[in-house]
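Undergrad:
Number of protein chains: 2
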Amino acid sequence: MSDYRYPYQEGVFVLNQLVGLEQICHQAGLDEFAEGLAEAVLDEASKLGSEQLAPLNVTGDRLGATIENNNVIETPGFSNAYQQFCDSGWPSLAGNPEFGGQGLPNVLAVAVNEIWQSANLAWSLCPLLTQGAIEAIETHGNDQLKQHYLPKLISGEWTGTMNLTEPDAGTDLAALKSKAVPEGDHYRISGQKIFITWGDHQMTDNIVHLVLARLPDAPAGVKGISLFVVPKYLLDEQGNPTAQRNDAYAVSLEHKLGIHGSPTCVMSFGDNGGAIGYLVGKENQGLACMFTMMNDARQGVGLQGLAISERAYQHALAYAKERIQGTLRDGSRISIIQHPDVRRMLLQMKSSIQAMRALVYVARAESDYVNNAADETAQLKHQKRNDLLTPIVKGWVTELSQELTYLAVQIHGGMGFIEETGVAQYYRDARILTIYEGTTGIQALDLIGRKTLVDGGVAVSDLLSEMRDDLGAISAPELQDIVTATQAAVEHAEDAKQWVLAQAAQDASAAGSASVSYMMLMGYLCGGWLLTKSAAIAQRDLANEGADLEFLNAKIISARFFAEQMLPRVGALLAAMQSGGDTIMAMSEAQF
Amino acid sequence: MSDYRYPYQEGVFVLNQLVGLEQICHQAGLDEFAEGLAEAVLDEASKLGSEQLAPLNVTGDRLGATIENNNVIETPGFSNAYQQFCDSGWPSLAGNPEFGGQGLPNVLAVAVNEIWQSANLAWSLCPLLTQGAIEAIETHGNDQLKQHYLPKLISGEWTGTMNLTEPDAGTDLAALKSKAVPEGDHYRISGQKIFITWGDHQMTDNIVHLVLARLPDAPAGVKGISLFVVPKYLLDEQGNPTAQRNDAYAVSLEHKLGIHGSPTCVMSFGDNGGAIGYLVGKENQGLACMFTMMNDARQGVGLQGLAISERAYQHALAYAKERIQGTLRDGSRISIIQHPDVRRMLLQMKSSIQAMRALVYVARAESDYVNNAADETAQLKHQKRNDLLTPIVKGWVTELSQELTYLAVQIHGGMGFIEETGVAQYYRDARILTIYEGTTGIQALDLIGRKTLVDGGVAVSDLLSEMRDDLGAISAPELQDIVTATQAAVEHAEDAKQWVLAQAAQDASAAGSASVSYMMLMGYLCGGWLLTKSAAIAQRDLANEGADLEFLNAKIISARFFAEQMLPRVGALLAAMQSGGDTIMAMSEAQF
Chain Z
1 MSDYRYPYQE GVFVLNQLVG LEQICHQAGL DEFAEGLAEA VLDEASKLGS EQLAPLNVTG
61 DRLGATIENN NVIETPGFSN AYQQFCDSGW PSLAGNPEFG GQGLPNVLAV AVNEIWQSAN
121 LAWSLCPLLT QGAIEAIETH GNDQLKQHYL PKLISGEWTG TMNLTEPDAG TDLAALKSKA
181 VPEGDHYRIS GQKIFITWGD HQMTDNIVHL VLARLPDAPA GVKGISLFVV PKYLLDEQGN
241 PTAQRNDAYA VSLEHKLGIH GSPTCVMSFG DNGGAIGYLV GKENQGLACM FTMMNDARQG
301 VGLQGLAISE RAYQHALAYA KERIQGTLRD GSRISIIQHP DVRRMLLQMK SSIQAMRALV
361 YVARAESDYV NNAADETAQL KHQKRNDLLT PIVKGWVTEL SQELTYLAVQ IHGGMGFIEE
421 TGVAQYYRDA RILTIYEGTT GIQALDLIGR KTLVDGGVAV SDLLSEMRDD LGAISAPELQ
481 DIVTATQAAV EHAEDAKQWV LAQAAQDASA AGSASVSYMM LMGYLCGGWL LTKSAAIAQR
541 DLANEGADLE FLNAKIISAR FFAEQMLPRV GALLAAMQSG GDTIMAMSEA QF
Chain R
1 MSDYRYPYQE GVFVLNQLVG LEQICHQAGL DEFAEGLAEA VLDEASKLGS EQLAPLNVTG
61 DRLGATIENN NVIETPGFSN AYQQFCDSGW PSLAGNPEFG GQGLPNVLAV AVNEIWQSAN
121 LAWSLCPLLT QGAIEAIETH GNDQLKQHYL PKLISGEWTG TMNLTEPDAG TDLAALKSKA
181 VPEGDHYRIS GQKIFITWGD HQMTDNIVHL VLARLPDAPA GVKGISLFVV PKYLLDEQGN
241 PTAQRNDAYA VSLEHKLGIH GSPTCVMSFG DNGGAIGYLV GKENQGLACM FTMMNDARQG
301 VGLQGLAISE RAYQHALAYA KERIQGTLRD GSRISIIQHP DVRRMLLQMK SSIQAMRALV
361 YVARAESDYV NNAADETAQL KHQKRNDLLT PIVKGWVTEL SQELTYLAVQ IHGGMGFIEE
421 TGVAQYYRDA RILTIYEGTT GIQALDLIGR KTLVDGGVAV SDLLSEMRDD LGAISAPELQ
481 DIVTATQAAV EHAEDAKQWV LAQAAQDASA AGSASVSYMM LMGYLCGGWL LTKSAAIAQR
541 DLANEGADLE FLNAKIISAR FFAEQMLPRV GALLAAMQSG GDTIMAMSEA QF
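First to last, the sequence lines map onto chains Z and R.
Under UniProt numbering, read the first sequence as residues 1 to 592, first letter to last.
Under UniProt numbering, read the second sequence as residues 1 to 592, first letter to last.
(1) Gly36(Z) and Thr59(Z) - do their beta-carbons sit closer together than 9 angstroms?
(2) Nearest to Asp341(Z) by CA position, among Ala365(R), Ala576(R), Met522(R) and Asp200(R), is which residue?
(3) So the candidates are Glu419(Z), Tyr319(Z), Glu322(Z) and His339(Z); which of them puts its Cα closest to the Cα of Leu328(Z)?
(4) First and last residue of the alpha helix (DSSP H) that includes Lys152(Z)?
(5) Looking at the C-beta of Glu420(Z), does it have a partner C-beta in chain R at a distance below 9 angstroms?
(6) Identify which residue in Leu501(R), Gln503(R) and Ile482(R) has its Cα closest to the Cα of Gln565(R).
(7) List, in order along the chain, the chain R residues whose C-beta lies closer than 8 angstroms to that of Lys152(Z)?
(8) I'd like to know if Leu347(Z) contacts chain R, where contact means its C-beta is closer than 9 angstroms to some C-beta of that chain.
(9) Mind checking whether Val208(Z) and Trp158(Z) have CB atoms under 9 angstroms apart?
(10) Per DSSP, which residues does Cys25(Z) bridge with? Please list them.
(11) What residues of chain R sit near Glu550(Z), judged by a beta carbon separation below 7 angstroms?
(12) Quick one: does Asp392(R) have its CB under 9 angstroms from some CB of chain Z?
(13) Under 7 angstroms Cβ-Cβ, which residues of chain R neighbour Asp172(Z)?
(14) Would Tyr436(R) pass as an interface residue toward chain Z - the criterion being a Cβ-Cβ separation below 9 angstroms?
(15) Where does Ser513(R) fall in DSSP's three states?
(16) Less than 9 angstroms between CB atoms is the rule here; does Met293(R) satisfy it with respect to chain Z?
(17) Check the Cβ-Cβ distances between Met1(Z) and every residue of chain R, and say whether any is below 9 angstroms.
(18) Short of 8 angstroms in beta carbon distance, which residues of its chain neighbour Glu74(Z), apart from the five on each side in sequence? Order them along the chain.
(19) Kindly confirm or deny that the stretch 289-307 of chain R and the stretch 136-148 of chain Z touch, where touching means at least three C-beta pairs closer than 8 angstroms.
(20) Report the three-state DSSP secondary structure of Ile435(Z) (helix, strand or coil).
(21) Quick one: which chain R residues come within Cβ less than 9 angstroms of Met587(Z)?
(22) Exposed or buried, which one is Arg333(Z) when buried takes at least 16 other CB atoms within 10 Å?
(23) Mind reading off the beta-carbon distance from Ala365(R) to Val41(R)? Whole number of angstroms is fine, and I expect it under 8 angstroms.
(24) Within 9 angstroms (strictly less), CB to CB, does residue 593(Z) reach chain R?
(25) So who's on the other strand from Ile324(Z), going by DSSP bridges?
(26) Please identify the residue among Val423(R), Lys533(R) and Tyr233(R) whose C-alpha is closest to the C-alpha of Leu559(R).
(27) So with Cβ pairs under 9 angstroms, would you call Ile537(R) a contact of chain Z?
(28) Take every Cβ of the stretch 244-260 of chain Z, pair it with every Cβ of the stretch 278-287 of chain Z, and state whether three or more of those distances are shorter than 8 angstroms.
(29) Count the other CB atoms, across all protein chains shown, that sit within 10 Å of the CB of residue 655(R); report buried if there are 16 or more and exposed otherwise.
(30) At 3 residues or longer, and completely inside the stretch 382-423 of chain Z: list those beta strand (DSSP E) runs for me, N to C.
(31) Three-state secondary structure (DSSP) at Tyr524(Z)?
(32) Under the three-state reduction of DSSP, which class applies to Gln285(Z): helix, strand or coil?
(33) Can you tell me the Cβ-Cβ gap for Ile584(R) and Arg344(Z), rounded? I've got them flagged as a contact below 8 angstroms.
(34) Can you list, in chain order, the residues of its chain with a C-beta nearer than 7 angstroms to that of Glu399(Z)? Leave out the 5 residues immediately preceding and following it.
(35) Kindly indicate which three-state DSSP category Asn371(Z) falls into: helix, strand or coil?
(36) Taking the straight line between their C-alpha atoms, what separation do you get for Leu531(Z) and Asp582(R)?
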């Protein structure tokens with residue numbers, strides 16, 4: 001059994017020193033909350049996470065969910081935890097006050113969400129998906145949809161789902177076949193959806209399915225997809241739920257490698273005449289609505305990569321301190337944390353997790369800066385940065401989480417392979433993160449295509465400029481080795497961008513071949529940049545009266561480790577990218 | 001369900017072109033077998049693997065083994081497959097003819113073992129462990145032990161186990177507590193052993209446990225360990241088994257992340273007065289005997305890394321050819337193998353697997369060259385090479401197998417996470433490979449310490465010289481890009497060696513901190529070297545009449561891919577190494 005504690009000091013450092021929470025609160029007219037807000041909120045959330053959710057993590061893995069007569073029964077204990085979660089007002093933290101939300105910054109919510117996800121990844125998927133549904137309805141829904149659905153979703157009284165994938169339409173949404181036939185003020189939806197996370201459960205009175213489907217006269221491909229709200233129980237005219245069950249059912253559950261506590265449903269719509277659905281946004285504009293849901297969920301999944309790595313780190317660290325193996329020359333026995341290679345693994349986890357957290361929080365704060373921007377220029381600037389960072393957060397953080405959960409198992413030696421130890425669960429659970437909400441390959445294509453080629457590299461150039469400025473401003477001689485290494489990585493990224501603009505623009509297979517290397521390169525760079533900034537802040541604060549020297553020095557060591565051990569990967573990724581796609585495309589299908 | 005086929009053409013290429021099977025057969029006085037030997041043997045083994053063992057792989061995963069009254073019942077079907085395996089004479093393939101073996105080269109056995117391990121990793125652990133027991137008894141046992149045990153172990157009539165680990169003595173064997181008390185011609189063994197692979201089963205009449213224990217007056221630490229043979233059923237004076245059960249029992253089975261078909265036992269010796277055991281080698285010399293077992297098993301586990309990667313590749317390749325996602329501009333649908341990033345993942349698997357196979361077979365052939373050496377100088381040379389390559393085979397191949405089985409899941413997208421798809425099993429099964437028979441960290445310490453520092457880098461220098469000669473001899477202009485990249489990697493390795501000799505010699509924490517990077521660097525280098533040699537052979541053979549151009553060109557493409565995409569990692573690993581251990585050691589335990 002591992003205890004989980006939110007790394008409070010780390011989180012507060014990122015929020016206050018890197019993200020600018022005070023500025024965000026000020027812009028949002030929340031000055032009165034700024035002082036001590038984060039600390040108080042994180043403290044409360046940490047209690048719920050550690051005491052209620054974390055112990056249920058293993059239960060979810062062992063018992064999973066079950067299905068009987070098309071009703072999914074969630075893991076025992078999950079419903080009770082969900083009620084406590086709602087009773088304390090957590091779902092509405094960053095919700096729109098117009099619909100009952102508390103209107104606190106998104107970046108504060110992301111820190112709080114880290115707690116739920118570290119504590120219990122499978123359980124936390126339910127509120128995560130609900131958030132995607134909220135975003136879609138809030139951004140694209142008409143007033144009636146907003147009035148009927150948002151208050152209940154924001155309060156957590158109802159949960160939401162995202163119904164995109166079909167057996168022959170996964171990444172390729174153009175191929176989806178579910179149908180929506182107009183009927184008065186609504187539509188009749190039919191079709192089968194797979195991989196629907198928390199598609200059914202008994203924790204709430206209603207579930208709001210967001211469903212992609214195709215109108216009878218819709219154009220082929222992604223231009224003919226529309227998005228619908230399909231509630232599990234129909235509402236009356238006042239928006240109150242009735243006892244009338246909609247024609248939308250979970251018909252089976254998947255048997256998965258991990259996240260057993262999260263019911264992954266096959267959903268069947270319209271087996272008995274058609275499920276009643278309400279259009280979100282305009283007909284055939286479903287893709288844009290879907291991206292609203294998806295972009296939010298993508299950053300959310302990046303956060304999961306951070307959260308599960310943190311949980312795995314805490315587990316591995318506790319073991320490394322307690323497990324005795326080896327003897328010093330004087331005959332005294334030592335714990336494995338004293339072995340250099342174990343320290344290397346722990347530091348790889350610790351420094352990478354700090355880099356991930358910095359990037360995830362900084363990226364999420366961009367949405368707050370967008371919401372509170374003083375003018376359109378500022379808004380556009382932050383929107384572009386948000387869009388640029390999203391595929392890096394999803395792609396890089398989740399890929400790195402594979403390596404880190406792997407190391408957590410490795411630190412345990414043979415015990416890591418035994419399920420009762422518990423660390424293997426993080427390794428299994430993490431495996432979905434590079435797949436759902438768009439695979440790593442899809443994130444990488446998004447980054448190299450829509451986020452780099454389409455704007456001629458401007459957003460990337462802006463980011464690199466900011467990095468150069470930040471690094472150039474660091475004068476502490478103690479940190480020059482770290483600064484120099486990070487500056488070298490910036491220039492590698494400059495070369496990467498130039499290569500993308502010159503080569504990938506004309507050659508789709510070069511772009512496709514290089515895309516994942518490009519995305520990983522940008523991820524390590526962002527991590528290195530934010531850790532170097534953190535080290536500079538820590539170095540500056542060392543002189544403060546009452547400074548926590550242990551903590552600040554550890555931040556500098558982490559940044560140095562990352563620069564020494566992780567940033568060299570940037571050069572290797574650049575070389576791989578620059579090889580282009582010729583070799584990759586040269587092999588015929590038969591030659592594989 | 002995936003079908004498995006041994007990659008026959010690849011295997012034969014490595015055996016005939018890289019390993020020098022003909023020369024090995026000639027040296028061993030097996031000229032009459034050389035012509036067509038490998039082909040015929042592999043053909044037969046492939047049938048048994050594909051038809052009998054491969055279908056039982058999923059059964060082992062789902063049903064596992066069970067335990068009742070201290071008797072382990074293996075997965076249904078495993079025993080029948082084992083009987084067929086023995087009836088066809090497979091266990092004795094490379095066995096010593098003095099004890100009923102067929103005396104064929106070890107390198108041929110390694111190719112055959114690849115088949116068993118690809119087909120069914122969990123099942124194949126039983127013969128793998130038996131091989132370790134054979135080596136220990138053959139090298140260190142007295143004549144009576146050899147006469148009593150070797151014929152039955154070599155024929156497969158009995159199986160063997162390795163009983164090393166105890167709850168407080170994993171990597172740290174110095175801490176082991178099991179006792180052996182002399183009693184006439186034998187010893188009474190008592191103690192508990194954990195993680196005992198195939199510690200009990202019903203497939204054979206007897207099981208021969210090799211057990212490390214400590215004599216009453218033994219020195220402390222590893223100098224006080226002795227090795228014993230402890231049969232499940234005692235033998236009479238002629239060496240025939242009796243019905244008398246020895247006091248050695250499996251008392252429980254572990255619940256593991258993978259290899260469910262392989263029973264991992266807690267073994268209890270001496271609960272009823274002491275198990276009867278027979279000394280192997282001399283008292284207190286057990287560590288040397290253990291290393292004899294272990295070195296053999298380490299190369300065997302490296303082979304498992306190759307084998308499971310090959311199986312995962314075949315699964316992913318079949319899916320990539322058959323899964324339709326995406327549409328060309330002309331409206332035609334395409335399978336995902338046409339997407340550049342999917343091709344990248346497949347080529348990463350394919351080229352890495354070729355590199356692994358080349359290294360594993362080449363390393364194993366060294367033991368044949370040792371056995372058949374014309375003089376002591378030649379023998380010593382090959383023994384040194386064998387010793388140098390062993391930690392690279394175990395460490396690098398198994399680490400790389402993690403990445404490759406990961407990619408196999410990734411290629412399947414969401415389906416990869418569903419257990420019924422089958423590919424997740426390879427990912428779970430592979431996870432043990434970097435842990436058992438010495439973790440990656442232990443392999444790396446062996447390489448940097450015993451295999452580099454202890455001989456002043458001579459064995460490494462010899463290997464690098466051979467690489468330089470091989471690469472310098474490649475004149476084909478078509479391959480110069482690959483040759484240049486590989487030569488650069490050789491010089492990086494030269495720098496790495498120099499760094500190890502200069503820095504790590506004086507500073508144990510620098511050695512420990514850099515060791516895994518050093519081992520991985522050497523692995524990629526060996527892979528690149530052997531693939532470049534393969535490309536040169538393929539290029540030469542393109543002009544042969546009747547040459548298989550598709551196959552030979554594919555080998556060149558694989559080598560180029562490896563040089564372009566994988567070899568850049570060598571530079572990154574060198575940089576990580578050269579950072580040394582100061583940062584890694586700087587963090588106090590409390591700061592983690």
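Positions of the beta carbon are idealized from the N, C-alpha and C atoms, including for glycine.
TA: Here's the rundown:
(1) no
(2) Ala576(R)
(3) His339(Z)
(4) Asp143 to Ser155
(5) yes
(6) Ile482(R)
(7) By Cβ distance, chain R contributes nothing, its closest Cβ being about 29 angstroms from Lys152(Z), past 8 angstroms.
(8) yes
(9) yes
(10) Looking at the DSSP assignment, Cys25(Z) forms no beta bridge with any residue, so it has no partner.
(11) Ala590 and Gln591
(12) According to the sequence as given, residue 392(R) is Ile; it is not Asp. Ile392(R) does not count as touching chain Z.
(13) Gln325 and Gly326
(14) By this cut-off, Tyr436(R) is an interface position.
(15) helix
(16) no
(17) Model confidence at Met1(Z) stands at a pLDDT of 47, short of 50, so the residue's coordinates are unreliable; what they give is reported in the following sentence. It does not; no Cβ of chain R falls within 9 angstroms.
(18) Ala65, His201, Gln202, Met203, Gly261 and Pro263
(19) Contact between the stretch 289-307 of chain R and the stretch 136-148 of chain Z is absent: fewer than 3 CB-CB pairs across the two stretches fall below 8 angstroms.
(20) coil
(21) Arg343, Leu346, Leu347, Lys350, Asn553, Ala554, Ile557, Ser558 and Phe561
(22) exposed
(23) With a Cβ gap of about 15 angstroms, Ala365(R) and Val41(R) do not count as contacting.
(24) In the structure as shown, chain Z starts at 1 and stops at 592, and residue 593(Z) therefore has no counterpart that could be examined.
(25) Ser335(Z)
(26) The question names Leu, but residue 559(R) in the sequence shown is Ala. Nearest C-alpha to Ala559(R): Lys533(R).
(27) no
(28) no
(29) Nothing can be reported for residue 655(R): it is not among the residues displayed for chain R, which extend from 1 to 592.
(30) none
(31) helix
(32) The three-state secondary structure of Gln285(Z), taken from DSSP, is coil.
(33) 5 angstroms
(34) Once the five neighbours on either side are set aside, the close Cβ partners of Glu399(Z) are Thr434, Thr440 and Met520.
(35) Assigned with DSSP and collapsed to three states, Asn371(Z) falls in helix.
(36) 19 angstroms
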